[in-house]
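Trainee: Okay, here's the structure, questions in a sec.
2 protein chains.
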Amino acid sequence: MACRSRLAPVLKRVAIPSLRRSVAVINPLVSATRCISSTAPRRFRKSSPRCAGFTTDSYPEIKRDERFAQITNEHVDYFKQLLGKDSAVIDGVTGAAAEDEIEPFNLDWMRKYKGHCKLVLKPGSTEEVSKILKYCNENMLAVVPQGGNTGLVGGSVPVFDEIVVSTSRMNQIRFFDEVTGVLVADAGVVLEVADQFLAEKGYIFPLDLGAKGSCHIGGNVSTNAGGLRLLRYGSLHGTVLGVEAVLPDGTILNDLSRLRKNNTGYDLKQLFIGAEGTIGMITAVSVHCPQRSKAVNVAFLGVESYDKLLQAFREAKTQLGEILSAFELMDSQSQNIYHKVKGNTRPLDGEHPFYCLIETSGSNSEHDSAKLESFLEDLMTKEIVSDGVMAQDETQFKSLWSQREGITETLGHWGGVYKYDVSIPIKEMYQLVEDTRKRLEDAGLKDGTEESPVVDVVGYGHMGDCNLHLNIAVRRYDKKVEEALEPFVYEWISKRNGSISAEHGLGIAKKKYIGYSRNETTVGLMKQIKNLYDPVSAYSFLLPH
Amino acid sequence: MACRSRLAPVLKRVAIPSLRRSVAVINPLVSATRCISSTAPRRFRKSSPRCAGFTTDSYPEIKRDERFAQITNEHVDYFKQLLGKDSAVIDGVTGAAAEDEIEPFNLDWMRKYKGHCKLVLKPGSTEEVSKILKYCNENMLAVVPQGGNTGLVGGSVPVFDEIVVSTSRMNQIRFFDEVTGVLVADAGVVLEVADQFLAEKGYIFPLDLGAKGSCHIGGNVSTNAGGLRLLRYGSLHGTVLGVEAVLPDGTILNDLSRLRKNNTGYDLKQLFIGAEGTIGMITAVSVHCPQRSKAVNVAFLGVESYDKLLQAFREAKTQLGEILSAFELMDSQSQNIYHKVKGNTRPLDGEHPFYCLIETSGSNSEHDSAKLESFLEDLMTKEIVSDGVMAQDETQFKSLWSQREGITETLGHWGGVYKYDVSIPIKEMYQLVEDTRKRLEDAGLKDGTEESPVVDVVGYGHMGDCNLHLNIAVRRYDKKVEEALEPFVYEWISKRNGSISAEHGLGIAKKKYIGYSRNETTVGLMKQIKNLYDPVSAYSFLLPH
Numbered sequence: 044m045a046c047r048s049r050l051a052p053v054l055k056r057v058a059i060p061s062l063r064r065s066v067a068v069i070n071p072l073v074s075a076t077r078c079i080s081s082t083a084p085r086r087f088r089k090s091s092p093r094c095a096g097f098t099t100d101s102y103p104e105i106k107r108d109e110r111f112a113q114i115t116n117e118h119v120d121y122f123k124q125l126l127g128k129d130s131a132v133i134d135g136v137t138g139a140a141a142e143d144e145i146e147p148f149n150l151d152w153m154r155k156y157k158g159h160c161k162l163v164l165k166p167g168s169t170e171e172v173s174k175i176l177k178y179c180n181e182n183m184l185a186v187v188p189q190g191g192n193t194g195l196v197g198g199s200v201p202v203f204d205e206i207v208v209s210t211s212r213m214n215q216i217r218f219f220d221e222v223t224g225v226l227v228a229d230a231g232v233v234l235e236v237a238d239q240f241l242a243e244k245g246y247i248f249p250l251d252l253g254a255k256g257s258c259h260i261g262g263n264v265s266t267n268a269g270g271l272r273l274l275r276y277g278s279l280h281g282t283v284l285g286v287e288a289v290l291p292d293g294t295i296l297n298d299l300s301r302l303r304k305n306n307t308g309y310d311l312k313q314l315f316i317g318a319e320g321t322i323g324m325i326t327a328v329s330v331h332c333p334q335r336s337k338a339v340n341v342a343f344l345g346v347e348s349y350d351k352l353l354q355a356f357r358e359a360k361t362q363l364g365e366i367l368s369a370f371e372l373m374d375s376q377s378q379n380i381y382h383k384v385k386g387n388t389r390p391l392d393g394e395h396p397f398y399c400l401i402e403t404s405g406s407n408s409e410h411d412s413a414k415l416e417s418f419l420e421d422l423m424t425k426e427i428v429s430d431g432v433m434a435q436d437e438t439q440f441k442s443l444w445s446q447r448e449g450i451t452e453t454l455g456h457w458g459g460v461y462k463y464d465v466s467i468p469i470k471e472m473y474q475l476v477e478d479t480r481k482r483l484e485d486a487g488l489k490d491g492t493e494e495s496p497v498v499d500v501v502g503y504g505h506m507g508d509c510n511l512h513l514n515i516a517v518r519r520y521d522k523k524v525e526e527a528l529e530p531f532v533y534e535w536i537s538k539r540n541g542s543i544s545a546e547h548g549l550g551i552a553k554k555k556y557i558g559y560s561r562n563e564t565t566v567g568l569m570k571q572i573k574n575l576y577d578p579v580s581a582y583s584f585l586l587p588h
Numbered sequence: 044m045a046c047r048s049r050l051a052p053v054l055k056r057v058a059i060p061s062l063r064r065s066v067a068v069i070n071p072l073v074s075a076t077r078c079i080s081s082t083a084p085r086r087f088r089k090s091s092p093r094c095a096g097f098t099t100d101s102y103p104e105i106k107r108d109e110r111f112a113q114i115t116n117e118h119v120d121y122f123k124q125l126l127g128k129d130s131a132v133i134d135g136v137t138g139a140a141a142e143d144e145i146e147p148f149n150l151d152w153m154r155k156y157k158g159h160c161k162l163v164l165k166p167g168s169t170e171e172v173s174k175i176l177k178y179c180n181e182n183m184l185a186v187v188p189q190g191g192n193t194g195l196v197g198g199s200v201p202v203f204d205e206i207v208v209s210t211s212r213m214n215q216i217r218f219f220d221e222v223t224g225v226l227v228a229d230a231g232v233v234l235e236v237a238d239q240f241l242a243e244k245g246y247i248f249p250l251d252l253g254a255k256g257s258c259h260i261g262g263n264v265s266t267n268a269g270g271l272r273l274l275r276y277g278s279l280h281g282t283v284l285g286v287e288a289v290l291p292d293g294t295i296l297n298d299l300s301r302l303r304k305n306n307t308g309y310d311l312k313q314l315f316i317g318a319e320g321t322i323g324m325i326t327a328v329s330v331h332c333p334q335r336s337k338a339v340n341v342a343f344l345g346v347e348s349y350d351k352l353l354q355a356f357r358e359a360k361t362q363l364g365e366i367l368s369a370f371e372l373m374d375s376q377s378q379n380i381y382h383k384v385k386g387n388t389r390p391l392d393g394e395h396p397f398y399c400l401i402e403t404s405g406s407n408s409e410h411d412s413a414k415l416e417s418f419l420e421d422l423m424t425k426e427i428v429s430d431g432v433m434a435q436d437e438t439q440f441k442s443l444w445s446q447r448e449g450i451t452e453t454l455g456h457w458g459g460v461y462k463y464d465v466s467i468p469i470k471e472m473y474q475l476v477e478d479t480r481k482r483l484e485d486a487g488l489k490d491g492t493e494e495s496p497v498v499d500v501v502g503y504g505h506m507g508d509c510n511l512h513l514n515i516a517v518r519r520y521d522k523k524v525e526e527a528l529e530p531f532v533y534e535w536i537s538k539r540n541g542s543i544s545a546e547h548g549l550g551i552a553k554k555k556y557i558g559y560s561r562n563e564t565t566v567g568l569m570k571q572i573k574n575l576y577d578p579v580s581a582y583s584f585l586l587p588h
């Protein structure tokens, strides 16, 4: 069996008998950091050509609520006195701080949304957050809570002159129980820091995503982030045991339970998971962390059709069962772009209409490898997959994952990307990509030439969670493309009872489209909740009101 | 190696080399029904000596809210017309139904709580539930939603003359997706029926409990039931994807999402999970069901101290990892009572201060057995456990499980049981049992004689979830025992930030004790929610108001 330089093609039909010798098990402590360097978002890039200017320009229909006060020097003095040290207040109001210092808080990492904020506060404790919010509430000052500012829908940056309340100085791990795996930590702890802390104890944070090097766990919980481990460890609604949050009026909700079971009344913390900071600011979380797997394996497969991909997923669930930790989908278009931009060697010979990345995590490397090999042999025998490789060392492990995780970065190569993060019933999931591609071709917006605005329409995502990332790589942002995409995409999803935001949230980007995924009654009940916690709208307006 | 008649002592030190030959894998489709016959609660027993009479007698401090109307013949006529058929209305108001027919709905299965209900409605659809609640709301008629009536805290039966709205006729499975495992079903589907349906498809309901033969899945979700599978599959807050509920004013909240990810606004359904029917009646649920394991093994071990039990649990998490599906604790007192009442042969020689039952579930029986054997060998070598057996066939599997599941039933043998279902930080968990035992001994209420009111104080439960069942078996209910127990037990738990109700809920039994597990702010916020959904208190009063 000939080996190529980067990845050994262990799954060629002829190679099956030798599979057992070519398996490598990756140290999970190393592999867990795989995505940091390649895909962690940079906080901001100066003079990026992609910056769309102020959000107020791109969303002219959103008007500042004039009931909110303008920030005065007196307000700034109060905050400086409260927080006690200069570094906790970035003050552009009196001109003490330059615009450059404020920009990282005004601008999201994609440089798509930019606010006019002039004051950033960095409280060091829950009590300080409480005093800030109480004061803002009483003085009609609008605020935006901000974690690592890695959100993708403009929910973490101001639009007008809202005060940014940053969790960056609240970054302590408060408690960890080595028997139960319960972690209690400040909202501002960076996800990767939490995960590294847990790795030393033999545990893992039940959430993993590309931005882990920057994002804060409080922001993760506020956004109800999904990410790469949801298939295995479930959603944050199940793994978050407790939340400490400050309500708009300054009330501290201390619900930092360390217990897996506590049936004493309504589970209020659930409201704050995924509320995007609109009804309170999360200041700490308590999380049930699973045992870290000793063995992690990964395979990368080529598949001839979406139907076969569905079969492969069903078989993976049956045959890999409890060790299956990721089943990621990539179409050929996404891989073509990735390789065009990166110039890398492809892991498989030739092109396949679909690819999937399958990861297993378990407690016994020998058992896991045996299961994965037997599964792959079975898929080959049944002709469900056409070709495949399995990582044999850490480099290959990272390389295979980068085929999936590197897509996001490379799509922007030509100028811009229209991004849709959606959930669709699994059987119809990929059809959205095909229908969108056809629609753009029919409209003459994608004709293969260098002049056409659309480079390609690609689909990838977390197949295991029915979570598709539909991305349209473009040479330039173009009104005609936008008009072809919206509301088409949302209507398509709505007809199939899908979700227009699977894991990114609504933010400002999707706020007005909530009706495509939630009926009028439900939206009305959400408004009730918003009104209950924030009757004077002291917060920004991330949800319908 | 000598084998006893029922269970082979495969874990005797001398027997370790032969372990591999003595392993049996149980058919999960069979084993899943293990608890039905032995511990499924009987709905009611006539002339039981344990019946405490009407709840109004045992809780004289609870007064009927006189704002609620008395049920008239006119009301009954409306319901008869609405529901269209006689069998859907059990009418004791006009005397059409005898008391006997109503009693099963008035009385909880423990015969501890008994109401004065005279009207039972059995709607056949969500629309009918909506019309019933709207009418009741407008006419100030109090209602109590009821599922299988297997609750343990008096939350599912009326106290006064509330109308029972039963889910028993809403028992259809609406949808199942064989690729994703998403099940949508009416609230009144019996848990066991749902699980058997899923078993045929290779899936499992992510919840298992003793009452599965009677309880309804809508009631399970309303109570946020925990049970035996929480350790493996997590809480219902994570596995329930959607809820359809009717609010007190008749509004239908249709949030029956079939998607694992849907971040479009507040996750309102979470409020209904564990709300015990106080803010709405769940009429259907959507659940993400895991793959059913092909192999299930069980071991039963004797341990010399609670510290060693903690070590065993930590090792089980590390070594069994992804296949660990139960880690149940039993103290010697609970086992002594079980064997005294049942007269069974004990699975292990002699007595041990503690016992644990460890279950594994996985996709490959050979791998699972190897892991479990290696784990048990390691525990024996490290002297963490003293003795143990492993089930070798289905009979032994059931027999070992009955050591744990049969406790509840046998405790009542002498007359009555004081039951506490609590969560406590794991290191201190068992201390509560010892402190309670000492307290009752010191008070002269447990002296080993036949005259003493207390037979014994036992502890057992779901160690993996820090969920202890503290039970006091008594010869008679005695005010002195009650005074020694309460508020002592609640104060003890409160000091350690535990929960006074881990999985049973508050109901009427623990309503007034909520302050021991939730602070004033949190309770205040819960009242806000109750008031938001049920401002005219058209519902019963299961939560503080």
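These protein sequences, in sequence, are chains A and B. In terms of this note's numbering, the first sequence opens at residue 44 and continues consecutively. In terms of this note's numbering, the second sequence opens at residue 44 and continues consecutively. The beta carbon of each residue, even a glycine, is placed where N, CA and C say it ideally should be. The structure displayed is predicted, hence computed values, not measured ones.
1) Going by DSSP in three states, Asn-514 (chain B) sits in which element: helix, strand or coil?
2) Measuring straight from C-alpha to C-alpha, what distance separates Val-465 (chain B) and Glu-546 (chain B)?
3) From Ile-536 (chain A) to Lys-462 (chain A), what does the alpha carbon distance come to, in whole angstroms?
4) How would you list, in chain order, the residues of chain B whose beta-carbon sits under 8 angstroms from the beta-carbon of His-280 (chain A)?
5) Which full runs of the beta strand (DSSP E) of 3+ residues lie inside the region 142–197 of chain A, going along the chain?
6) How many whole angstroms separate the CB atoms of Val-500 (chain B) and Thr-479 (chain B), which I take to be in contact at a CB cut-off of 8 angstroms?
7) Taking the alpha carbon of Glu-221 (chain B) as the point to measure from, which residue in B:Gly-459, B:Gly-190, B:Val-283, B:Arg-335 has its own alpha carbon closest?
8) Tell me whether the beta-carbon of Gly-558 (chain B) lies closer than 8 angstroms to the beta-carbon of Val-196 (chain B).
9) Return the Cβ separation of Gly-245 (chain A) and Thr-361 (chain B) in integer angstroms, given the expectation that the two are a contact with Cβ distance under 8 angstroms.
10) According to the Cβ coordinates, are Leu-284 (chain B) and Ser-329 (chain B) closer than 8 angstroms?
11) Give me the chain B residues within the contact set of Pro-291 (chain A), using Cβ-Cβ distance strictly less than 7 angstroms, ordered along the chain.
12) Specify the secondary structure class of Gln-593 (chain A) as computed by DSSP and reduced to three states.
13) Where does the unbroken alpha helix (DSSP H) through Ile-380 (chain A) begin, and where does it stop?
14) From Leu-164 (chain A) to Ile-175 (chain A), what distance separates their C-alpha atoms?
15) Would DSSP call Tyr-121 (chain A) helix, strand or coil?
16) Using 10 angstroms around the beta-carbon of Phe-218 (chain A), count the other beta-carbons present and answer buried if the total reaches 16, otherwise exposed.
17) Helix, strand or coil: how does DSSP classify Asp-108 (chain B) here?
18) Got a sec: is the Cβ-Cβ distance from Val-66 (chain A) to anything in chain B below 8 angstroms?
19) Just checking, does the region 450–460 of chain B make contact with the region 515–522 of chain B on the three C-beta pairs under 8 angstroms criterion?
20) With a threshold of 8 angstroms between beta-carbons, can Gly-194 (chain B) be considered close to chain A, or not?
21) Using beta carbons (cut-off 8 angstroms, strictly below), is Pro-468 (chain B) in contact with chain A?
22) Counting only C-beta atoms, is Asn-387 (chain A) closer than 8 angstroms to chain B at any point?
23) Counting only C-beta atoms, is Gly-253 (chain A) closer than 8 angstroms to chain B at any point?
24) So which of B:Val-341, B:His-159, B:Asn-214 has the shortest CA-CA distance to Ser-412 (chain B)?
25) Ends of the alpha helix (DSSP H) at Asp-436 (chain B)?
26) Can you name, in chain order, every residue of its own chain whose Cβ lies under 7 angstroms from the Cβ of Arg-110 (chain A), other than the five neighbours on each side?
27) Short of 8 angstroms in beta carbon distance, which residues of its chain neighbour Lys-523 (chain A), apart from the five on each side in sequence? Order them along the chain.
28) For Arg-107 (chain B), does the count of other Cβ atoms within 10 angstroms reach 16, so buried, or fall short, so exposed?
29) Among all the DSSP beta bridges, which residues are the ones paired with Met-324 (chain A)?
30) Which residues does DSSP pair with Leu-352 (chain A) in a beta bridge?
31) Select from A:Tyr-576, A:Val-132, A:Lys-383, A:Ser-265 the residue whose C-alpha is nearest the C-alpha of Lys-161 (chain A).
Mentor: Walking through what the data contain:
1) strand
2) 8 angstroms
3) 14 angstroms
4) His-280, Gly-281, Asp-310, Gln-313
5) 162–164, 186–189
6) 5 angstroms
7) B:Arg-335
8) no
9) 7 angstroms
10) yes
11) What Pro-291 (chain A) touches in chain B: nothing, since even the nearest Cβ is about 13 angstroms away.
12) The requested residue 593 (chain A) does not occur in the structure, where chain A is confined to residues 44 to 588.
13) 375–385
14) 9 angstroms
15) helix
16) exposed
17) coil
18) Note that Val-66 (chain A) scores a pLDDT of 26, beneath 50, so its modelled location is shaky and nothing firm can be said.
19) yes
20) no
21) yes
22) no
23) no
24) B:Val-341
25) Unbroken run through Asp-436 (chain B): none, as it is neither H nor E.
26) Met-183
27) Ala-486, Leu-488, Pro-496
28) exposed
29) A:Val-289
30) In DSSP, Leu-352 (chain A) forms no bridge with anything.
31) A:Val-132
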